[in-house]
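Okay, structure first, notes after.
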Amino acid sequence: MNMRDALKKRNNFLAQVRQFFSKRDVVEVQTPQLLDAPTTDVYIDSIAMLVNKDIEKQSKYLHTSPELEMKKLLANGSGDIYQICSVFRDNEQGSQNFNEFTMLEYYRLGFDMHQLMDDIIQLLDMLGVQGRVSKLSYAQAFFEYSDIDILNADFETLKIIARKHSLSTDFEWIEDLQILLFTHLIEPKLESLPLCFIYDYPATQSALAKVEGQIAHRFELYMNGIEIANGYDELQEVKIYQQRFSGEIDKRVVLGKTSVDMDKDFLSNLKNSLPQCSGVAIGIERLLSQIH
Amino acid sequence: MANYSTSQFKNGLKLILDGNPCSIINNEIRKPGKGQASNKVKLKDLITGKTLEKTFKSGESVEGADVMELNMQYLYNDGSEWSFMDPDTFDQYMINDNAMDDVRGYLVEQDICVVTLWNDNPISVTPPNHVMLEVVDTDPGLKGDTAGTGGKPATMNTGIVVQVPLFISIGEKVKVDTRTNEYAGRT
Numbered sequence: 131m132n133m134r135d136a137l138k139k140r141n142n143f144l145a146q147v148r149q150f151f152s153k154r155d156v157v158e159v160q161t162p163q164l165l166d167a168p169t170t171d172v173y174i175d176s177i178a179m180l181v182n183k184d185i186e187k188q189s190k191y192l193h194t195s196p197e198l199e200m201k202k203l204l205a206n207g208s209g210d211i212y213q214i215c216s217v218f219r220d221n222e223q224g225s226q227n228f229n230e231f232t233m234l235e236y237y238r239l240g241f242d243m244h245q246l247m248d249d250i251i252q253l254l255d256m257l258g259v260q261g262r263v264s265k266l267s268y269a270q271a272f273f274e275y276s277d278i279d280i281l282n283a284d285f286e287t288l289k290i291i292a293r294k295h296s297l298s299t300d301f302e303w304i305e306d307l308q309i310l311l312f313t314h315l316i317e318p319k320l321e322s323l324p325l326c327f328i329y330d331y332p333a334t335q336s337a338l339a340k341v342e343g344q345i346a347h348r349f350e351l352y353m354n355g356i357e358i359a360n361g362y363d364e365l366q367e368v369k370i371y372q373q374r375f376s377g378e379i380d381k382r383v384v385l386g387k388t389s390v391d392m393d394k395d396f397l398s399n400l401k402n403s404l405p406q407c408s409g410v411a412i413g414i415e416r417l418l419s420q421i422h
Numbered sequence: 002m003a004n005y006s007t008s009q010f011k012n013g014l015k016l017i018l019d020g021n022p023c024s025i026i027n028n029e030i031r032k033p034g035k036g037q038a039s040n041k042v043k044l045k046d047l048i049t050g051k052t053l054e055k056t057f058k059s060g061e062s063v064e065g066a067d068v069m070e071l072n073m074q075y076l077y078n079d080g081s082e083w084s085f086m087d088p089d090t091f092d093q094y095m096i097n098d099n100a101m102d103d104v105r106g107y108l109v110e111q112d113i114c115v116v117t118l119w120n121d122n123p124i125s126v127t128p129p130n131h132v133m134l135e136v137v138d139t140d141p142g143l144k145g146d147t148a149g150t151g152g153k154p155a156t157m158n159t160g161i162v163v164q165v166p167l168f169i170s171i172g173e174k175v176k177v178d179t180r181t182n183e184y185a186g187r188t
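Protein chains in written order, with the numbering used here: chain A, 131 to 422; chain B, 2 to 188.
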C-alpha cells in the first residue's frame with residue numbers, strides 16, 4: 131500500500147469509529163496526557179518527564195492509558211465516553227510493542243462485560259472485520275488447548291507443567307506463571323481464530339476489574355492470536371481501587387522497580403464510587419493491521 | 002564466564018543450558034498488555050547438535066559459555082584421536098574420535114576446517130563446504146554416459162558412500178558437498 135492509501139485507510143477507519151459512537155450518543159473526550167502520578171501497573175512503566183526546569187523543577191509522567199483520567203469524568207457525571215489518543219510506555223520490548231501507540235478507550239454506563247463484548251462485535255462489524263466470533267472463558271481456553279485446570283492448579287503444580295514445556299519457573303507470584311502459560315501454550319492456538327474473546331480471568335489477574343469468587347470480570351480480544359483489546363466490568367468502590375493500587379505498588383517494590391505513588395487526585399475524584407460501567411482499551415495499530 | 006540477561010540475547014550468543022554449551026538461533030520477545038515480557042529462545046546444543054526451545058522471563062540471566070570458533074588445519078588421525086593445528090599459533094588440538102561422527106567422512110588432510118572450542122576444548126568440527134575425495138569402490142560405468150542421467154553409489158577413500166554419475170570410475174577424484182553429501186563435480 132502506498133503512503134496516501136495507507137493514510138486514507140486510517141482516516142476512513144477513524145471516521146467510521148467516530149460515526150459508530152456518535153450514533154450511540156457516546157461522547158468523544160480528550161484527557162490530559164501529562165500526569166502528576168505514574169501508573170502503578172506492575173509490568174507497565176510510565177515515561178517520566180522533567181518539566182519547568184527554569185522555574186520549579188517537577189516530575190511529570192506521560193499517560194500509559196487514559197483510564198484513570200476518563201474514570202474521573204465518569205465519576206463526575208460524564209455519561210458514556212470514548213477517547214482516541216496516543217499512549218506512551220517505557221521499557222516495552224517485542225516486535226508487537228512500541229513506546230508509543232494509539233489507543234481507543236471507551237466506557238458504557240450500565241453495561242456488563244458481556245454487553246460490552248457484544249458492542250465491540252458491532253463496532254468491528256461496522257469496520258468491516260470479518261470472521262466467526264468465538265467466546266471462551268479463561269478456564270475453558272486452558273481445558274480446550276491444554277489439560278490444565280488453571281483456576282484450581284496451585285503454584286507448584288503450574289511450575290511442574292511449566293518445566294515440562296521448558297518454560298521459566300522463576301516467578302514470585304502464581305499470576306505471572308499463569309500469564310506465561312497462557313502466552314506460550316494458549317495464544318499460539320488462538321492464531322486460527324479470527325476473533326476470540328477470552329473472559330472471566332482468574333481473580334489473581336483482576337487488574338481493575340470486579341472480582342466475584344475466583345473470577346475477575348475481565349476480558350481480552352484476540353484477532354488471529356494477536357492481543358487487541360482488554361476490558362473490564364469496572365471496579366466501583368474507591369476503597370477497592372485503593373487496595374488494588376497498593377497491592378501493585380508492593381509488587382513493584384518486591385521486583386525492585388521504580389517506586390511509584392498512588393494517584394491521590396483520582397481517588398478523591400472518585401469520591402465514594404464510580405457508576406456501574408464496563409470499559410475497554412483497544413490497540414488501534416494492531417486492529418488496523420488485522421483489517422484488510 | 003559472565004552471565005547474560007535476556008536483554009542481551011541475540012543470535013549467535015553462546016549460553017550454558019543443562020550443562021551443555023548452546024548457541025542462540027532465534028530470540029522472540031512477547032509482552033502481554035498486562036503481564037511480564039518473556040523471551041522464547043531457540044538454541045542449538047553445540048555438543049549434541051540438537052535444537053531446543055526454552056522460555057525465560059524477561060530479566061532472567063543465564064550463564065554464558067566460553068565458546069570460540071577457529072579456522073584450523075586438519076593434520077592426521079591416529080585411530081582414536083584427530084589432530085588439528087591453529088595455523089596462526091601452531092597450537093595443536095586433539096579431538097576424540099566420538100566427537101567426529103558426522104564429519105569423519107569429509108576430512109581431508111591439510112584442509113582448513115572450523116573447530117569449535119568450549120573452555121579451550123574442541124567440541125565440534127565443521128569441514129569446508131566442498132572437499133575432494135577419491136573413489137575407492139564403485140560399479141563399472143556405462144560407456145558413453147556423460148549426462149549423469151542415472152547414478153550409482155561410490156565408496157570414497159574416507160569410507161562414506163556418495164551417489165555419483167555412471168561415468169565415474171575407481172581412482173577418480175570427485176568434489177563432494179559436505180552439507181548435503183552430494184556429488185558436486187570432478188574439479
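Using N, Cα and C, we set each Cβ at its ideal position, and we do this for glycine too.
Just so we're clear, the structure is a prediction, and the values are computed from it rather than from any experiment.
With fewer than 16 other Cβ atoms from the protein chains shown falling within 10 Å of its own Cβ, Pro88(B) counts as exposed. In summary, no residue of the stretch 159-173 of chain B has a CB separated from any CB of chain A by less than 9 Å. Within the stretch 26-38 of chain B, Glu29, Ile30, Arg31, Lys32, Pro33, Gly34, Lys35, Gly36, Gln37 and Ala38 place their CB atoms closer than 8 Å to a CB of chain A, listed in sequence order. Under a criterion of Cβ atoms nearer than 7 Å, no residue of chain B is adjacent to His347(A); the nearest Cβ is some 14 Å distant. Contacts with chain B (Cβ-Cβ distance below 7 Å) from the stretch 304-321 of chain A involve Asp306, Ile309, Leu310, Thr313 and His314, listed in chain order. In terms of Cβ geometry, Cys23(B) and Leu16(B) form a close pair [threshold 7 Å]. Annotation: the continuous beta strand (DSSP E) that includes Gln188(A) extends over Gln188 to Leu192.
Taking 7 Å as the cut-off, the beta carbon of Ile356(A) is found no closer than this to the beta carbon of Leu234(A). When Cβ-Cβ separations below 7 Å define contact, Glu54(B) makes contact with chain A. DSSP lists Leu266(A) and Glu350(A) as the beta-bridge partner residues of Ile328(A).
No alpha helix (DSSP H) of 4 residues or more sits fully in the stretch 92-126 of chain B.
Around the beta carbon of His422(A), fewer than 16 other beta carbons lie within 10 angstroms, which makes this residue exposed. Under the Cβ criterion of 7 Å, Phe57(B) is counted among the residues facing chain A. The C-beta of Asn227(A) comes closer than 7 Å to at least one C-beta of chain B. Pairwise C-beta distances place the stretch 294-306 of chain A in contact with the stretch 48-68 of chain B, as three or more of them are shorter than 8 Å.
Secondary structure of Ala339(A) (DSSP, three-state): strand.
Put simply, of Asn4(B), Gln37(B) and Phe85(B) the residue whose alpha carbon is nearest the alpha carbon of Phe301(A) is Gln37(B).
Excluding the 5 residues flanking it on each side, His314(A) has same chain C-beta neighbours closer than 8 Å at His295 and Leu297, in chain order. Nothing from the stretch 279-293 of chain A brings a Cβ to less than 8 Å from some Cβ of chain B. Put simply, of Ser189(A), Tyr236(A), Ser195(A) and Thr299(A) the residue whose alpha carbon is nearest the alpha carbon of Tyr212(A) is Tyr236(A). With respect to the C-alpha of Asp363(A), the residue from Met256(A), Ser336(A), Leu385(A) and Glu274(A) having the closest C-alpha is Ser336(A). Within a 10 Å sphere around the beta-carbon of Val163(B) sit 16 or more other beta-carbons, which makes this residue buried.
Against chain B, the CB of Leu351(A) has no partner CB under 7 Å away; the residue lies outside that interface.
Residues of chain A with a Cβ closer than 7 Å to the Cβ of Glu64(B) do not exist; the shortest Cβ-Cβ separation is about 14 Å. Taken in chain order, the members of the stretch 223-249 of chain A whose beta-carbon sits within less than 8 Å of a beta-carbon on chain B are Gln223, Gly224, Ser225, Gln226 and Asn227.
In the same chain as Pro123(B), and ignoring 5 residues on each side of it, the C-beta atoms closer than 6 Å to its own belong to Tyr94, Ile96 and Val116, in chain order.
Boundaries cannot be given for Ile174(A), as no alpha helix (DSSP H) includes it and DSSP labels it neither H nor E. Distance from the CA of Lys201(A) to the CA of Gly50(B), rounded to the nearest whole angstrom, comes to 56 Å. Going by DSSP, Met157(B) is part of the beta strand (DSSP E) stretching over Lys153 to Met157. A check of alpha carbon separations from Glu54(B) across Asn27(B), Arg31(B) and Lys35(B) identifies Asn27(B) as the nearest.
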